[in-house]
Amino acid sequence: MFRRCVPLHNYTKTELTNLITGKLRRNFGRDVDEATVPQMFKACAMVLRDIMSAHELETEDRVKDSHARQVHYLSLEFLMGRSLMKNAYNLGVLEPLTQAIESLGFSAADLFEAEPDAGLGNGGLGRLAACYLDSMTTLEIPATGYSICYELGIFKQKIVDGQQVELADNWLGLGDAWLIPKVDETETVHFGGKVKGYWDENGRHRVAYEGGTDVLAIPKDMEIAGYGTDHVNVLRLWDAKSPVPVDMSLYSRGEYLKAVEQQAMAEVIAKVLYPDDNHYEGKSLRLKQQYFFVSATIQSIVRKHRAQYGTLHNFHQKHVIQINDTHPTLVIPELMRILLDEEGYTWDDAWYIVTHTVAYTNHTVMIEALERWPQELVQTLLPRIWEIIIEISNRWQQRLTEAFHGDMGRVERNAIVWGGDVRMANMCVCACYAVNGVSALHSDILKKDLFRDIYAITPDKFQNVTNGIDHRRWLSQCNPKLDALIKECTGGDDYLLQPEAMKKLEKYKDDAGVLSRLGKIKAENKQAFASYVAKESGIILNTDAIFDVQVKRLHEYKRQLLNVMHIVYLYQRLKSDPNFTFTPRVFLFGAKAAPGYYVAKEIVHLINSLSATINSDPVCKDRLQVVFLENYRVSLAERLMPASELSEQISTAGKEASGTGNMKFMMNGALTIGTLDGANVEMHEQLGDENIFLFGLKADEVVSLKQRGYKPYEYYVGSPSMKAVLDQISRGFNDGVSYTNLTNRLLFGQNGSAPDEYLLLADFESYKAAHQRAGQAYLDQKAWNRMSLINIARSGIFAADRSIRDYADNIWHVPTREL
Numbered sequence: 001m002f003r004r005c006v007p008l009h010n011y012t013k014t015e016l017t018n019l020i021t022g023k024l025r026r027n028f029g030r031d032v033d034e035a036t037v038p039q040m041f042k043a044c045a046m047v048l049r050d051i052m053s054a055h056e057l058e059t060e061d062r063v064k065d066s067h068a069r070q071v072h073y074l075s076l077e078f079l080m081g082r083s084l085m086k087n088a089y090n091l092g093v094l095e096p097l098t099q100a101i102e103s104l105g106f107s108a109a110d111l112f113e114a115e116p117d118a119g120l121g122n123g124g125l126g127r128l129a130a131c132y133l134d135s136m137t138t139l140e141i142p143a144t145g146y147s148i149c150y151e152l153g154i155f156k157q158k159i160v161d162g163q164q165v166e167l168a169d170n171w172l173g174l175g176d177a178w179l180i181p182k183v184d185e186t187e188t189v190h191f192g193g194k195v196k197g198y199w200d201e202n203g204r205h206r207v208a209y210e211g212g213t214d215v216l217a218i219p220k221d222m223e224i225a226g227y228g229t230d231h232v233n234v235l236r237l238w239d240a241k242s243p244v245p246v247d248m249s250l251y252s253r254g255e256y257l258k259a260v261e262q263q264a265m266a267e268v269i270a271k272v273l274y275p276d277d278n279h280y281e282g283k284s285l286r287l288k289q290q291y292f293f294v295s296a297t298i299q300s301i302v303r304k305h306r307a308q309y310g311t312l313h314n315f316h317q318k319h320v321i322q323i324n325d326t327h328p329t330l331v332i333p334e335l336m337r338i339l340l341d342e343e344g345y346t347w348d349d350a351w352y353i354v355t356h357t358v359a360y361t362n363h364t365v366m367i368e369a370l371e372r373w374p375q376e377l378v379q380t381l382l383p384r385i386w387e388i389i390i391e392i393s394n395r396w397q398q399r400l401t402e403a404f405h406g407d408m409g410r411v412e413r414n415a416i417v418w419g420g421d422v423r424m425a426n427m428c429v430c431a432c433y434a435v436n437g438v439s440a441l442h443s444d445i446l447k448k449d450l451f452r453d454i455y456a457i458t459p460d461k462f463q464n465v466t467n468g469i470d471h472r473r474w475l476s477q478c479n480p481k482l483d484a485l486i487k488e489c490t491g492g493d494d495y496l497l498q499p500e501a502m503k504k505l506e507k508y509k510d511d512a513g514v515l516s517r518l519g520k521i522k523a524e525n526k527q528a529f530a531s532y533v534a535k536e537s538g539i540i541l542n543t544d545a546i547f548d549v550q551v552k553r554l555h556e557y558k559r560q561l562l563n564v565m566h567i568v569y570l571y572q573r574l575k576s577d578p579n580f581t582f583t584p585r586v587f588l589f590g591a592k593a594a595p596g597y598y599v600a601k602e603i604v605h606l607i608n609s610l611s612a613t614i615n616s617d618p619v620c621k622d623r624l625q626v627v628f629l630e631n632y633r634v635s636l637a638e639r640l641m642p643a644s645e646l647s648e649q650i651s652t653a654g655k656e657a658s659g660t661g662n663m664k665f666m667m668n669g670a671l672t673i674g675t676l677d678g679a680n681v682e683m684h685e686q687l688g689d690e691n692i693f694l695f696g697l698k699a700d701e702v703v704s705l706k707q708r709g710y711k712p713y714e715y716y717v718g719s720p721s722m723k724a725v726l727d728q729i730s731r732g733f734n735d736g737v738s739y740t741n742l743t744n745r746l747l748f749g750q751n752g753s754a755p756d757e758y759l760l761l762a763d764f765e766s767y768k769a770a771h772q773r774a775g776q777a778y779l780d781q782k783a784w785n786r787m788s789l790i791n792i793a794r795s796g797i798f799a800a801d802r803s804i805r806d807y808a809d810n811i812w813h814v815p816t817r818e819l
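This is the structure in structure tokens:
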């Protein structure tokens, strides 16, 4: 059994100072007084990396000696944020490191701030993966994360004339200090060409490739330190290179661009996270990315396993591969390919290993968001994988036909290859031994709706693991004053490893002194965030107003537009009656829209148009303010969460799988205004009606309304205030930009989409009423702080440590650290 807890070495300020100065001299040829901030940052990172490397080697030896089952977490996104402070915190050296940096004449705060966010993800999916890696390591589970070493990652957002502009974000300039290239573990990934089958002299069917292109996958390992343990796991990031970087014959003829063409085509795979896929080239590149990283990953896992055990018969006993969303689905046919073509297994034996190794986490209930690939693209790009997919599909379809007694409607719904498409989610449900949703409501919808047919025949396969967050980063590290209060009230730092200990805080819910201190902490955090915004943008926030925050990926179902509608309503009330009384608000938005998502980008423009108008109108001064926070990212969120007071979690019920931002806000004492969607449902179960501001239709009511025939135009003509709001949005604001496209989309639909697909108009009045309740509650600060304290005290269940224990116990079947 693999369970241990090792005390960390207590590095002193003097030891770290000597290690840092040594790195500066050996790696940069500089004494401290000559060193630049980037050199100092890299020296500090290398010192921590050396500490983690030693622990990693020890961890590898323990795992190998114990023959422990290993977890392989595959995700196209890992939104890691900054690592210097996080690694120092987890290693228990943050204080002496800060002292060492200061003693060398540098500002520790400036040095931590100099680090770019590792741009390896887009939003909640990537942030979840990062939180899970931290918890897996802290709980001493032998685990490795796998993704692509994106050179540019998610774009840097710039707002120009109110509109989003995407800029390249080369995080590797400093971020590569954390990466350890393992060139000797390079794998080769094959694309294109033709497949030729033949029988060898032993009567074994073999496969050969004619033509096509090889790409080298070079691993660059980022070490992950656990909290309070010497256990270290790894995030393996694959970089893409051509095996022949330069065609010398072309180069010598002066055809320089053609000479490096193969190199450029290979390296583009790891250039940018999520290429725009609304054209063939983008689809092709995105599929290449997915196959590239899963092929390299499974080859690496198989190679190491074979070296240790000499056989793959026990592969499924020693490894579990967790697919985070459908992006890594091709690991299923790729593992089949290796078992069939390279190891010589029969189909049945190979399928047994695959179906007892791979598990799938679903992250969406929206049909349009479930990945489908054109059959022709898969055939062209991955001919052998296509042959295996077809065989999987045919066998699955035969099973479905028998199970559903020839009901072809049900067969079609669940088929893997149908109508010229390859359906990735259906392949996961077919092949994976476990399928889990990420909140109770979401998992229920998977069983009763999205995968109801498969649930009927394999109910034991379906499970739930509600998402969680790294509470050490998202509370203790980013909100040190609140952390100190919790430790004082709960009798120590137990909550850092046992988040359920936060419940002890609740006994102070009627303690006037503690509630006053909690309110003071929030006020100081608001002031700190306001100072940051003023420094970065020149905008002065009204810290006496409620900080009402909606930060998340820009998507129609997340309903940033509903938030805007309410703000327009408040603005119109103020304009028509300057004496209109309501609790002052500062509405803070942060969101990136996918570059090819036109409607989302138009909503970004709308928010900025509205912001410019309201913030320049004297009638709104100190009463209503709207600010769009440019380039929302992990490091900005770490500043914002502690300052937030009202958390907007307003997605259409039944559409948000879980959400994790809602948990971060809750842990930092913000109150939620939200629908009963995703993990909001479980938050409500913890909090009761009195500690959350609920509104809107429930998931079953959404379905019922649509079945009856939802007519948003009737809401529009039936409500003068709603009509005024939409007419104003249609006309636009001071910049003269019209948003008729958005209002028409709500009232009449567009390009085949249903009118108001996400029911903004249906929920508008309920949303207004919830805001009125929240505003009224804020006037009684003692009562508000009491609600805030209860939110914090009951948030421990949403720690990622709990989520990972659920995975470990119920899906992965691996032991975890005993505390």
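full-length UniProt numbering puts the first residue of the sequence shown at 1, with every later residue one more than the last.
Cβ atoms here follow ideal geometry from the backbone N, Cα and C, with glycine treated the same way.
#1: Can you list, in chain order, the residues of its chain with a C-beta nearer than 7 Å to that of M80? Leave out the 5 residues immediately preceding and following it.
#2: Quick one: which unbroken alpha helix (DSSP H) runs of 4-plus residues sit fully inside the region 536-605? Chain order, please.
#3: For V626, does the three-state DSSP call read helix, strand or coil?
#4: Would you check if the distance between the CB atom of E177 and the CB atom of V215 is smaller than 9 Å?
#5: Restricting to Cα atoms, I'd like to know which of L646, Y11 and L496 is closest to I546.
#6: Excluding the five sequence neighbours on either side, which residues of its own chain have a C-beta within less than 6 Å of the C-beta of residue 829, listed in chain order?
#7: Who are the near neighbours of R4 in its chain, counting only those whose CB is closer than 7 Å to its CB and skipping five residues on each side?
#8: Within 10 angstroms of the Cβ of Y758, are there 16 or more other Cβ atoms? Answer buried if so, exposed if not.
#9: Quick check on the burial criterion: 16 or more other C-beta atoms within 10 angstroms. Buried or exposed for H566?
#10: Where does D221 land, buried or exposed, given buried means 16+ other C-beta within 10 angstroms?
#11: Between the region 467-487 and the region 793-806, are three or more C-beta pairs nearer than 8 Å?
#12: Please list, in chain order, all residues of the same chain as S609 whose beta carbon is under 6 Å from its beta carbon, the five residues on each side excluded.
#13: So, are the CB atoms of P245 and Q263 less than 9 Å apart?
#14: Beta-carbon within less than 6 Å of S135's beta-carbon, same chain only, minus the 5 sequence neighbours each way: which residues are those?
#15: By alpha-carbon positions, which one of A217, N691, T213 and T675 ends up nearest to L562?
#16: Leaving aside the five residues before and after M1 along the sequence, list all residues of the same chain whose C-beta is less than 7 Å from its C-beta, in chain order.
#17: Looking at the secondary structure, which residues open and close the beta strand (DSSP E) in which Y358 lies?
#18: State buried or exposed for E60, treating a residue as buried only when at least 16 other CB atoms are found within 10 Å of its CB.
#19: Does DSSP put Q498 in a helix, a strand or coil?
#20: If you count every other CB in all the chains shown that lies within 10 Å of the CB of W199, and 16 or more means buried, which is it?
#21: Does P7 pass the burial test, meaning 16 or more other C-beta atoms within 10 Å, or should it be called exposed?
#22: Could you tell me the alpha carbon to alpha carbon distance between L174 and L370, rounded to whole angstroms?
#23: What are the partner residues of M222, as DSSP defines its beta bridges?
#24: Cutting at 7 Å between CB atoms, please list the residues of its own chain near T364, excluding the five before and the five after it.
#25: With DSSP as the reference, identify every bridge partner of F462, one or two as the case may be.
#26: Given 8 Å as the limit, is there contact between the region 194-210 and the region 20-28, that is, 3 or more CB pairs closer than that?
#27: Determine, using beta carbons only, whether F665 and V626 come nearer to each other than 9 Å.
#28: When the Cα atoms are used, what is the spatial distance from L273 to Y352?
#29: For L312, which residues in the same chain have their Cβ closer than 8 Å to its Cβ, ignoring the five residues on either side in sequence?
#30: Where DSSP assigns a beta bridge to H190, which residues make up the other side?
#31: Using a Cβ distance threshold of 8 Å, determine whether the region 580-587 contacts the region 688-706, with at least three qualifying pairs required.
#32: Which runs of the alpha helix (DSSP H) fall wholly inside the region 646-695 and span at least 4 residues, in chain order?
#33: How would you call E376, buried or exposed, if buried means at least 16 neighbouring beta carbons within 10 angstroms?
#34: Is the Cβ-Cβ distance between K575 and V619 less than 9 Å?
#35: Is V417 helix, strand or coil when you go by DSSP?
#36: Counting along the chain, where does the beta strand (DSSP E) carrying V268 start and finish?
Reading off the structure:
#1: A118, L120 and A130
#2: 560-576
#3: strand
#4: It is worth fixing the name first, because residue 177 is Ala in this sequence and not Glu. Against a cut-off of 9 Å, the Cβ pair of V215 and A177 comes out as no contact.
#5: L646
#6: Residue 829 is absent from the structure shown; the chain starts at 1 and stops at 819.
#7: Low confidence applies to R4: its pLDDT is 40, below 50, so where it sits in the model is not reliable enough to give any reading.
#8: buried
#9: buried
#10: buried
#11: yes
#12: G162, F733, D735 and V737
#13: yes
#14: A800, D801 and I804
#15: T675
#16: With a pLDDT of 35 at M1, under the threshold of 50, the predicted position of this residue should be treated as unreliable, and no value is reported.
#17: According to the sequence shown, residue 358 is Val rather than Tyr. Here the beta strand (DSSP E) through V358 covers V358 to T361.
#18: exposed
#19: coil
#20: exposed
#21: Confidence at P7 is low in this model, with a pLDDT of 47, below 50, so its placement is unreliable and the value that follows should be read with caution. It counts as exposed.
#22: 35 Å
#23: L179 and L235
#24: L370 and A657
#25: V435
#26: no
#27: no
#28: 34 Å
#29: V302, H305, R306, L339, E343, Y345 and I353
#30: D214
#31: no
#32: 661-667 and 680-687
#33: exposed
#34: yes
#35: strand
#36: Where V268 is concerned, there is no enclosing beta strand (DSSP E), given that its DSSP letter is neither H nor E.
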